[in-house]
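Trainee: The structure follows.
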Amino acid sequence: MSEELEELRQEIKQLRETNTNLEQQIIKITAERDSGRQNAADESDAATKLRMDNVALKLKVTNLQQQLNSPLSSTAGLKVAQRLQGKLSSLFEQAVSASKQLADNSSQRLKDITQKYLKEAMLRKELYNKLQELRGNIRVFCRVRRDDRGESILQFPSKSELVVPKLQGGKETLEFDRAFGPNASQEEVFEDTKPIVMSCVDGYNVCIMAYGQTGSGKTFTMMGPDNNPGVNPRAIKELFDALCITKRSSILARLNVSTPEDLLQFIEIGNQHRSTGATKMNTDSSRSHLLLQIKVQGFNTITRATTYGKLTLVDLAGSERVSKTEASGDRLVEAAAINKSLTNLGQVFRALASGSPHIPYRNSKLTHLLQDSLGGDAKVAMFVNTSPLESNLSETSMTLSFGQNIRKVELGPAKRNTGPPRPKDALKRKPK
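Count the sequence shown with full-length UniProt numbering and you get residues 1 to 432, in order.
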């Protein structure tokens, strides 16, 4: 398995290099074509001048016929004029021929390079999807937040391992698909997430969510500040780079967007309506889940096939122990509801891991909304966010245990959602 993964990584690396070279060639050919167009224009001007000179010579021949008295001289003058006229006609034909040949060659070379680039890009996508299937369609990332209030009790012996103290004493080493330490940047985190995000463009259902205790950095990972954006804004920008009317209710809103700015604006509206509140663990704790679903419909102009993908981005409310947060009143009711929905989410993953014929998606609104994003047809990435402090070791252990259980889930190959090929004039038709 590891050898096959390494071979795929090498293939992808080579394809990236090939694509880079192809992109450079396209830029070069395009420049040559534009230069050819300019040359053709210059040659056209030259041809016009030649035609004018040709007319002038004809006039000169006429004048010679009228003015020369000597038959010998008249004949000689006519021969000189005719010879010059022949040379000018020949030059004119050469200019037209060269201009046409240059334009045809540039156009064909650009067409060949473009076709090769598209073929390589499609092959790279196929290898990416194969690599994701070998890695597993559920990938679990651990991210430890930065906290300067104390010394970190967690260690990172490798990019995929985390050493954590046991509650009963001693230490244990846990393995994840990727383990991000406190100094990991937002760019680094998204780099491992991007291939999964882009699968939705190819017609897959994709779900990325952040789980962890209150104050463990889930919202920072998923949203981030304006000057250091997290997964959500980066994923949205990536989608719009590769490729609204609000309808509000008390629970859900469906929005139509056409630019990344539109989508980010609506996310901000959702954040403003998101319930937050102070607890002992976090002065600005998220007291609700934030779930963003983006439906992506693609159309391949070559195969004329249609794909239907969906990207679901979830910032879960913080899991917490009521005794530690000292919640009371409305906060206590909220905590109970949050913990119940997170428990239902855990039950769904346990049922998936055991291969149970019945998956309890309908036990909560959260799991019901996530049904087609967590089942066997989807690709899932889970961030388990933790604190590095010893005072939070109990919550950290529960979060890491949750992540380890999710790693046991085998969804099988994800299913690509495609539609029948469209007729050739489909893009020309106006929507009703």
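In this text, a Cβ means the ideal position worked out from N, Cα and C, and glycines have one as well.
Which two residues bound the contiguous alpha helix (DSSP H) that contains Lys-379?
Mentor: Per DSSP, Lys-379 belongs to no alpha helix (DSSP H); it is in the beta strand (DSSP E), 378-386.
Trainee: Any idea what DSSP makes of Pro-165, helix, strand or coil?
Mentor: strand
Trainee: Regarding Pro-229 and the ligand ADP, is the C-beta to nearest heavy atom distance less than 7 angstroms?
Mentor: Inclusion of the ligand ADP in the displayed structure is not the case, the ligand content being empty and no account of it being possible.
Trainee: Use the C-beta contact count for Asp-202: other C-beta atoms within 10 angstroms, 16 or more gives buried, fewer gives exposed.
Mentor: buried
Trainee: Any idea what DSSP makes of Ser-397, helix, strand or coil?
Mentor: helix
Trainee: Sorted by chain position, which residues of the same chain lie with C-beta nearer than 8 angstroms to Asp-147's C-beta, five sequence neighbours on each side aside?
Mentor: Pro-182, Ser-387, Pro-388, Leu-389
Trainee: Leaving out five residues before and five after Ser-364 in sequence, what residues of the same chain have Cβ atoms less than 8 angstroms from its Cβ?
Mentor: Lys-340, Ser-341, Asn-344, Leu-345.
Trainee: Counting C-beta neighbours from all protein chains within 10 Å, is the total for Thr-367 16 or more, i.e. buried, or is it exposed?
Mentor: Thr-367 is buried by the Cβ-count criterion.
Trainee: Which same chain residues end up closer than 6 angstroms to residue 510 when comparing Cβ atoms and leaving out the 5 residues on each side of it in sequence?
Mentor: Residue 510 lies beyond the stretch modelled for the chain, which goes from 1 to 432, so this question has no answer here.
Trainee: Among Gly-375, Phe-141, Val-296, which residue has its Cα nearest to the Cα of Gly-419?
Mentor: Val-296
Trainee: Please give the ranges of any beta strand (DSSP E) in the segment 171-238, keeping only runs that are unbroken, at least 3 residues long and fully inside the region.
Mentor: 171-175, 178-180, 205-212
Trainee: To the nearest whole angstrom, what separates the beta carbons of Val-144 and Phe-190, a pair I think is in contact under 8 angstroms?
Mentor: About 17 angstroms separates the two Cβ atoms, so there is no contact after all.
Trainee: Reducing DSSP to helix, strand and coil, say where Val-409 ends up.
Mentor: coil
Trainee: Please state if the CB of Gln-155 and the CB of Thr-399 are separated by a distance shorter than 8 angstroms.
Mentor: Not a contact, by the Cβ cut-off of 8 angstroms.
Trainee: Quick test of your reading: Leu-174 and Gln-404, contact by CB under 8 angstroms. State the CB separation rounded to the nearest angstrom.
Mentor: 6 angstroms
Trainee: Can you tell me where the alpha helix (DSSP H) with Lys-365 in it begins and where it stops?
Mentor: Lys-365 -> alpha helix (DSSP H) spans 365-369.
Trainee: Can you name, in chain order, every residue of its own chain whose Cβ lies under 7 angstroms from the Cβ of Ser-160, other than the five neighbours on each side?
Mentor: Glu-175, Phe-176, Asp-177, Arg-178, Ala-179
Trainee: Out of curiosity, what's the CA-to-CA distance linking Val-140 and Gly-318?
Mentor: 18 angstroms
Trainee: Is Gly-150 helix, strand or coil by DSSP?
Mentor: In the displayed model, Gly-150 falls within coil according to three-state DSSP, outside both helix and strand.
Trainee: Would you kindly work out how many angstroms separate the C-alpha atoms of Pro-229 and Phe-383, rounded to a whole number?
Mentor: 16 angstroms
Trainee: Assign Glu-395 to buried or exposed, taking buried as 16 or more other Cβ atoms, counted over all protein chains shown, within 10 Å of its Cβ.
Mentor: buried
Trainee: Under 8 angstroms, Cβ to Cβ, is there at least one residue of chain D near Arg-178?
Mentor: Absence of chain D from the displayed structure is noted, only one protein chain being present.
Trainee: Does DSSP put Ser-391 in a helix, a strand or coil?
Mentor: helix
Trainee: In this structure, what does DSSP give as the bridge partners for Thr-114?
Mentor: Looking at the DSSP assignment, Thr-114 forms no beta bridge with any residue, so it has no partner.
Trainee: Determine, using beta carbons only, whether Asn-385 and Gly-217 come nearer to each other than 8 angstroms.
Mentor: In terms of Cβ geometry, Asn-385 and Gly-217 form a close pair [threshold 8 angstroms].
Trainee: Taking Ala-407 as the reference, give the member of Glu-334, Val-197, Leu-352, Lys-171 with the closest Cα.
Mentor: For the record, residue 407 in the displayed sequence is Arg; it is not Ala. Among Glu-334, Val-197, Leu-352, Lys-171, the Cα nearest to that of Arg-407 is on Leu-352.
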